[in-house]
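K.L.:
Protein chains in written order, with this note's numbering: chain A, 338 to 646; chain B, 338 to 646; chain C, 338 to 646.
Don't be surprised by glycine CBs; every beta carbon is placed ideally from N, CA and C.
These figures come from a predicted structure and were not determined experimentally.
Here you go, one structure.
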Amino acid sequence: MTPQIDPDGRLRHLLTLDGLPRETLAGLLDRAQAIIDGVATRPLAGTAICTLFFDPSTRTRLSFQRAAQRLGADVLNFDASTSSTTKGETALDTLHTIEAMGVRGFVVRHSADGAVAELAAAVAPDTALVNAGDGSSAHPTQGLLDMLTLRQAKGADFSGLTVLIVGDIRHSRVARSDVQALRSLGTGTIRACGPAALLPDDATLHGCEVSHDFDAALEGADVVMMLRLQRERMAEGLVSSLDDYHRDYGLTAARLGRAAPDAVVMHPGPMNRGVEIDGDVADGPRSLVLRQVANGVAVRMAVLEALLA
Amino acid sequence: MTPQIDPDGRLRHLLTLDGLPRETLAGLLDRAQAIIDGVATRPLAGTAICTLFFDPSTRTRLSFQRAAQRLGADVLNFDASTSSTTKGETALDTLHTIEAMGVRGFVVRHSADGAVAELAAAVAPDTALVNAGDGSSAHPTQGLLDMLTLRQAKGADFSGLTVLIVGDIRHSRVARSDVQALRSLGTGTIRACGPAALLPDDATLHGCEVSHDFDAALEGADVVMMLRLQRERMAEGLVSSLDDYHRDYGLTAARLGRAAPDAVVMHPGPMNRGVEIDGDVADGPRSLVLRQVANGVAVRMAVLEALLA
Amino acid sequence: MTPQIDPDGRLRHLLTLDGLPRETLAGLLDRAQAIIDGVATRPLAGTAICTLFFDPSTRTRLSFQRAAQRLGADVLNFDASTSSTTKGETALDTLHTIEAMGVRGFVVRHSADGAVAELAAAVAPDTALVNAGDGSSAHPTQGLLDMLTLRQAKGADFSGLTVLIVGDIRHSRVARSDVQALRSLGTGTIRACGPAALLPDDATLHGCEVSHDFDAALEGADVVMMLRLQRERMAEGLVSSLDDYHRDYGLTAARLGRAAPDAVVMHPGPMNRGVEIDGDVADGPRSLVLRQVANGVAVRMAVLEALLA
């Protein structure tokens, strides 16, 4: 593992929330909240940040781009998934080339587990990488923005909370980063629920209450985190049909009644309405979905600032 | 219809020129002219504007992007037509997501009639949409830039003018916005000409002099507005061949001789040279084509400023 | 040929290094070096620069984009190779349209020889074009950055140097611009080496020592410039196999031993590791590959500043 914290405790890259010290994590959340509360500066004026996406994601790229703009940085977008010029070039050569152009901050997405950490191990001492999602391993800024959203809704003490994560946890980097952050912040109970084929068979859910019964898992939950169902799970035979999935694991208003009276609902987006979540829940008063998106910009500003300012 | 003017007369969105008060329209033109004449400011510094194109158009996107840059705004480009991440997500969810990132200005193009107004009905009170073209309904900034170009060429009083619009009016949002604006500004005579299959069968041309004979329609016209012939009209069987179209409705230098001696020629671009317009006319002294493009940036600055500053 | 120097000696466009006065070339290199050494300004604030690529190249586009950003310019990117809106529109109409939007600086790449010079002949007096590569004719900023890199490594006096260019010189605009610049700067000996099918049969290599024997050509070379082997050369039957090519013209560490003891290695990128260059050479102490990329931004800043400031 590439160290993302340097010997004197400074954040060098952000690759994963796994093992990120609680004070570092809380410090990033505090800074994001301060940004939201109006501490406006442009500390990265003159700095260039490159979004380097080997796997496309317009939504995440836009959020990082807006964060970089608000920090005053210049943004270069490189969609490596469609670039023909990089054919035959390794991801590392591409990164080193853009680094040589004087770019010090990279926001990197890759379809392979560990690919971003591998790149981070090979960059110059003053170059910083933010993992914008690698394989099904980690999506640390999504984890951070979820924690900030939770903190705003439920307060900074998570010890009394029951948080339920529902869906395709096996393939979800969001779920992994969320579980790591929830553990780090001392969450009382973490529940995980989904069909057996979509639950991980590794240590991801260590210490979590795992179940296949959504109705039972919802009982008394304070927070319900729904995951997106990728449609390719059908082709892979892991899910029989969207209807079946909705029947067993779709969050409906009726189902949400089983959760705590003041339960909140989260989803990383983009949502499949009518599949893992019903429209009236997504748009309802319990939904924090758009609050998550808004917090995403602030959290990414806090991270880029911590790495580059 | 979503109101684009709020109760106290302020422009909230720009969706169509249909029913836009004459003083609002003229005010936007005045402001655009002032921008051209050198009133330079950056009133949108720190503001983000997103070009959200569900239907691609590089030319229109670039014009809005340059307008936003000159106003000092940060620009986010979202080409929703090629984004795979938005698959399965509704246009409204996409818009709400980017809105949640703190973006207040959207420039939206969509292939469906009314789609932009529908989105405008669902946004936050301080979010403004500019319709950059929806279906064959409206392209209001094109209408405005055409009016500004006309005003520069012929003066602000349109009551003595004969304006001729030629071509595929049925499918043209440009023609609809132009006709609405020409009416609003009190144009003396509006003529419309094209093959029957390409003329609208609704109220679009109410009050216009409609004809299928281009030569006759040209007699004494002060302004000739040519429309682009989309090549798919051939596949749809609405036009027999490009040669036939050029013979009947192509603007040649000889034909232009029938118009008023100081007649001017306009075209929204991109031009099919040798189809609806000959190269020597397009590049000739009567052509205002590039002036239209130049005015486009100023008009879009005036609109974005009116909506967001 | 469009004049790229105006009557009073000012650079009007940058289209080729062929015939560029030595003092102009050296002046651009001096300015690029000054930029690297820390002379920071934003002389192009408020100016718009459009990258207009009729042939895609993410790497070159990013380098120009970063250069423009560092000069304070606003950047518009137009990938004409993927834009559907420009179908049926000529390259000149596209250029004139963006020019009409108030853009004065264009960075243009085109697949056809001479296409950029042809466009330059038709623009407004205050519009400047930079050739970012046309066909196999010229890539002048690559030539400039290579010269800057050489000057940093070997000093400004090239009269004692032996420079070897290896590979597909026939199809390489980089090689043409390099040879022109090396001649202009009075390089002692220019050698060219490659298989017969990949060497030009025109005057490109006039005055160069031409050979097909890589090992012999390497003897005593101070500088080894490797060219990228485009994989389409195989399909065209000009190269039998990548393995054969590597055996005959691939730069290995062993082969490099034949060059001068302090020989340096250059490559314009992207590299085909294991084909024209081995990874240990590309990443070794003699390699200037990333230094070339870094100099590219400074050289492009110097050029854009010379044309537009």
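Are there 16 or more other CB atoms within 10 angstroms of the CB of T431/C, so buried, or fewer, so exposed?
P.N.:
On the third sequence, residue 431/C is found 94 positions in, with the first residue counted as 1. Label assigned to T431/C: buried.
K.L.:
Pull up the CB-CB distance for A590/C and V618/C, whole angstroms please, since I reckon it's below 8 Å.
P.N.:
Position 253 of the third sequence, counting from 1, holds the residue named residue 590/C. Position 281 of the third sequence, counting from 1, holds the residue named residue 618/C. Indeed, because the Cβ distance is near 6 Å, the residues count as touching under 8 Å.
K.L.:
To the nearest angstrom, report how far apart D483/B and Q629/B are at their CA atoms.
P.N.:
For this step, residue 483/B is matched to residue 146 along the second sequence. For this step, residue 629/B is matched to residue 292 along the second sequence. So the two alpha carbons sit approximately 6 Å from each other.
K.L.:
Kindly indicate which residue of V636/C, T361/C, R359/C and Y586/C has the alpha-carbon position closest to the one of A529/C.
P.N.:
For the purposes of this step, residue 529/C is taken as residue 192 along the third sequence, with counting starting at 1. Comparing Cα positions, the closest option is Y586/C.
K.L.:
In chain B, which residues lie less than 7 Å from H433/C when you measure between Cβ atoms?
P.N.:
Reading the third sequence from its first residue, position 96 is the one you call residue 433/C. Neighbours of H433/C on chain B, chain order: L627.
K.L.:
So which residues of chain B does E455/C contact, with C-beta pairs closer than 9 Å?
P.N.:
Residue mapping note: residue 455/C aligns to position 118 of the third sequence, counting from 1. The premise fails here: E455/C is roughly 16 Å from chain B at the closest Cβ pair, so nothing lies under 9 Å.
K.L.:
With DSSP as the reference, label T422/A as helix, strand or coil.
P.N.:
If you number the first sequence from 1, residue 422/A lands on position 85. The pLDDT assigned to T422/A is 49, lower than 50, so where the model puts this residue is not dependable, and the model offers no usable value.
K.L.:
Got a sec, what are the start and stop residues for the beta strand (DSSP E) M603/C sits in?
P.N.:
The residue you call residue 603/C lines up with position 266 of the third sequence. Note, M603/C: beta strand (DSSP E), V601 to M603.
K.L.:
Could you tell me the boundaries of the beta strand (DSSP E) in which E556/A lies?
P.N.:
Along the first sequence, one-based indexing puts residue 556/A at 219. Run containing E556/A: none; DSSP gives neither H nor E here.
K.L.:
Along the stretch 380–399 of chain A, where does the CB come closer than 7 Å to a CB of chain B? Name the residues.
P.N.:
P393, S394, T395, R396 and L399
K.L.:
Using 7 Å as the limit for Cβ to Cβ distance, is P607/A near chain B?
P.N.:
As a first step, residue 607/A is located in the first sequence; it is residue number 270 there, counting from the start. Cβ-Cβ to chain B under 7 Å: yes for P607/A.
K.L.:
For A404/A, which of V444/A, L351/A and V560/A has the nearest alpha-carbon?
P.N.:
Position 67 of the first sequence holds residue 404/A. Minimum Cα distance to A404/A is reached at V444/A.
K.L.:
Since Q466/C is in the beta strand (DSSP E), which residue starts that stretch and which ends it?
P.N.:
As a first step, residue 466/C is located in the third sequence; it is residue number 129 there, counting from the start. The identity of residue 466/C in the sequence shown is Leu, whereas the question assumes Gln. A465 to D471 is the extent of the beta strand (DSSP E) around L466/C.
K.L.:
Taking the alpha carbon of L522/A as the point to measure from, which residue in G346/A, A363/A and M563/A has its own alpha carbon closest?
P.N.:
Along the first sequence, one-based indexing puts residue 522/A at 185. Cα-wise, what sits closest to L522/A is A363/A.
K.L.:
By Cβ distance, which residues of its chain are closer than 6 Å to S548/B, with the 5 residues on each side in sequence left out?
P.N.:
Translated into positions along the second sequence, residue 548/B becomes position 211. Excluding residues within five positions, the ones whose Cβ falls inside 6 Å are C530 and A554.
K.L.:
Taking the CB atoms as reference points, tell me whether D471/B and R441/B lie closer together than 7 Å.
P.N.:
Taking the second sequence and counting its residues from 1, the one referred to as residue 471/B is at position 134. Taking the second sequence and counting its residues from 1, the one referred to as residue 441/B is at position 104. R441/B is positioned such that its CB atom lies no closer than 7 Å to that of D471/B.
K.L.:
List the residues of chain D that A631/B touches, going by C-beta distances under 8 Å, in chain order.
P.N.:
You won't find chain D in this structure, because its protein chains are A, B and C.
K.L.:
Within 10 angstroms of its Cβ, does T378/B collect 16 or more other Cβ (buried), or is it exposed?
P.N.:
Here residue 378/B refers to the residue found at position 41 of the second sequence. Counting the other CB atoms within 10 Å of its CB gives T378/B a total below 16, which places it among the exposed residues.
K.L.:
Compare the beta carbon distance of G480/A and S448/A with 7 Å and say whether it is the shorter of the two.
P.N.:
Counting from 1 along the first sequence, the entry for residue 480/A is found at position 143. Counting from 1 along the first sequence, the entry for residue 448/A is found at position 111. No, the pair does not count as a contact, with Cβ atoms beyond the cut-off.
K.L.:
Between L498/B, A533/B, T541/B and R510/B, which lies nearest to T524/B when the distance is taken from Cα to Cα?
P.N.:
Stepping through the second sequence from its first residue, residue 524/B is reached at position 187. Looking at the Cα atoms, L498/B is the closest of the given residues.
K.L.:
Give the C-beta separation of L381/A and A596/A to the nearest angstrom, bearing in mind that I take them to be a contact with Cβ-Cβ under 8 Å.
P.N.:
Working through the first sequence from its first residue, we reach residue 381/A at position 44. Working through the first sequence from its first residue, we reach residue 596/A at position 259. The Cβ separation is near 41 Å, so there is no contact.
K.L.:
Going along the stretch 553–565 of chain B in order, which residues come within less than 7 Å of chain A, judged by CB to CB distance?
P.N.:
none
K.L.:
Put R446/A into one of helix, strand or coil per three-state DSSP.
P.N.:
For the purposes of this step, residue 446/A is identified with residue 109 of the first sequence, where counting begins at 1. DSSP places R446/A in strand when its eight states are reduced to three.
K.L.:
I want to verify the contact list: residues of chain A whose CB lies under 7 Å from the CB of N443/B, in sequence order.
P.N.:
Locating residue 443/B in the second sequence gives position 106, counting from the first residue. Reading the sequence as shown, one finds Phe at residue 443/B and not Asn. In chain order: nothing, as chain A lies at least about 12 Å away.
K.L.:
Distance cutoff 7 Å, beta carbons only. Does D411/C sit that close to anything in chain B?
P.N.:
Stepping through the third sequence from its first residue, residue 411/C is reached at position 74. Yes, D411/C counts as interfacial toward chain B.
K.L.:
Which residue comes first and which comes last in the beta strand (DSSP E) that contains L389/A?
P.N.:
Locating residue 389/A in the first sequence gives position 52, where the first residue counts as 1. Taken as a continuous stretch (DSSP letters only), the beta strand (DSSP E) holding L389/A covers A385 to F390.
K.L.:
Excluding five sequence neighbours on each side, which residues of the same chain lie with their C-beta closer than 6 Å to the C-beta of F551/A?
P.N.:
Reading the first sequence from its first residue, position 214 is the one you call residue 551/A. Excluding residues within five positions, the ones whose Cβ falls inside 6 Å are C530 and Y586.
K.L.:
Just to confirm the assignment, what range does the beta strand (DSSP E) spanning D416/B have?
P.N.:
The count along the second sequence starts at 1 and reaches residue 416/B at position 79. Note, D416/B: beta strand (DSSP E), D411 to D416.
K.L.:
Under 8 Å, CB to CB, which of the residues in the stretch 564–579 of chain C have a partner in chain A?
P.N.:
R568
K.L.:
Using a Cβ cut-off of 8 Å, pull out every chain A residue sitting near F415/B, in sequence order please.
P.N.:
Along the second sequence, one-based indexing puts residue 415/B at 78. Correct list: T395 and L399.
K.L.:
Could you check what DSSP says for S400/B in three-state terms: helix, strand or coil?
P.N.:
For the purposes of this step, residue 400/B is taken as residue 63 along the second sequence, with counting starting at 1. Here S400/B sits in helix by DSSP.
K.L.:
Buried or exposed for D411/B, please, with buried defined as at least 16 other CB atoms from any protein chain shown within 10 angstroms of its CB.
P.N.:
By one-based count along the second sequence, residue 411/B stands at place 74. Buried, since its Cβ has 16 or more Cβ neighbours within 10 Å.
K.L.:
Out of E455/B, L625/B, V453/B and R349/B, which one is the CA nearest neighbour of L644/B?
P.N.:
Walking along the second sequence from the start, residue 644/B turns up at place 307. It is R349/B.
K.L.:
Quick one: Cα of S394/C to Cα of R407/C, how far?
P.N.:
If you number the third sequence from 1, residue 394/C lands on position 57. If you number the third sequence from 1, residue 407/C lands on position 70. Near 20 Å, if we compare the C-alpha coordinates of R407/C and S394/C.
K.L.:
Can you check whether the C-beta of T422/B is within less than 7 Å of a C-beta belonging to chain C?
P.N.:
Counting from 1 along the second sequence, the entry for residue 422/B is found at position 85. With a pLDDT of 49 at T422/B, under the threshold of 50, the predicted position of this residue should be treated as unreliable, though the coordinate-derived value follows. No, T422/B lies away from the interface with chain C (no Cβ there is under 7 Å from its Cβ).
K.L.:
Can you list, in chain order, the stretches of the beta strand (DSSP E) that have 3 or more residues and sit fully within the stretch 488–524 of chain A?
P.N.:
499–503
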